[in-house]
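Peer 1: This is the structure I want to talk about, given as structure tokens.
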Amino acid sequence: MNVKDLVKILQENKMKNVSIYDLSANNEEKFVVLCTSNKTTDSKKLADEIAEKFNYTDKIEGYFKGEWIVFDFGTTTLHIFLAKIREKYNLDKLYKPKKISI
Numbered sequence: 042m043n044v045k046d047l048v049k050i051l052q053e054n055k056m057k058n059v060s061i062y063d064l065s066a067n068n069e070e071k072f073v074v075l076c077t078s079n080k081t082t083d084s085k086k087l088a089d090e091i092a093e094k095f096n097y098t099d100k101i102e103g104y105f106k107g108e109w110i111v112f113d114f115g116t117t118t119l120h121i122f123l124a125k126i127r128e129k130y131n132l133d134k135l136y137k138p139k140k141i142s143i
């Protein structure tokens, strides 16, 4: 799973505030990608598209409510938030020193 390909899909789906964090250590790649969706239906639609494009067969955490959906691809973790949930948990603050641009 390529982070650039993932970010492209997020941008095509008009996700807001896409942030990428590089948590790599000891020669192991590890990225966290955060984005904000306008509503749960948009989050679920995006989750369906990502699951299909990347052949994701594991459980999609948070899909039922759609407020905070998580994909764990092994080397990359994707969080799709509604704005109020992203603000509440503020993972951006936790990962801020590791933010990168692609």
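Start counting at 1 in the sequence shown, then tack on 41, and there's your number in our numbering. Glycine is no exception: its CB is placed at the ideal position from the N, C-alpha and C atoms.
#1: With C-beta atoms as the reference, is Tyr104 less than 8 Å away from Lys129?
#2: With distance defined between alpha-carbon atoms, name the residue in Asp63, Met56, Asn58, Met42 nearest to Pro138.
#3: Any contact of the segment 92 to 107 with the segment 66 to 77, i.e. 3+ C-beta pairs under 8 Å?
#4: Our contact map puts Lys140 next to Ser60 with C-beta atoms below 8 Å; I'd like the distance itself, whole angstroms only.
#5: By Cβ distance below 8 Å, which residues in the same chain neighbour Val44 in space, the five residues on each side in sequence not counted?
#6: Which partner residues of Ile141 appear in the DSSP bridge assignment?
#7: Output the residue ranges of the alpha helix (DSSP H) runs that lie fully inside the segment 42 to 112 and measure 4 residues or longer, sorted by chain position.
Peer 2: Considering the structure as presented:
#1: In the sequence shown, counting from the first residue as 1, residue 104 sits at position 63. In the sequence shown, counting from the first residue as 1, residue 129 sits at position 88. Not in contact: Tyr104 and Lys129 (Cβ atoms no closer than 8 Å).
#2: Counting from one through the sequence shown, the residue named residue 138 turns up at place 97. Comparing Cα positions, the closest option is Asp63.
#3: no
#4: Against the sequence shown, residue 140 aligns to sequence position 99. Against the sequence shown, residue 60 aligns to sequence position 19. 6 Å between Cβ atoms; contact.
#5: Position 3 of the sequence shown holds residue 44. Around Val44: Ile61, Phe72, Val74, Thr117, Ile143.
#6: Here residue 141 corresponds to residue number 100 of the sequence shown, with the count starting at 1. In the DSSP output, where bridge partners are listed per residue, Ile141 has Ile61.
#7: 44 to 53, 81 to 94
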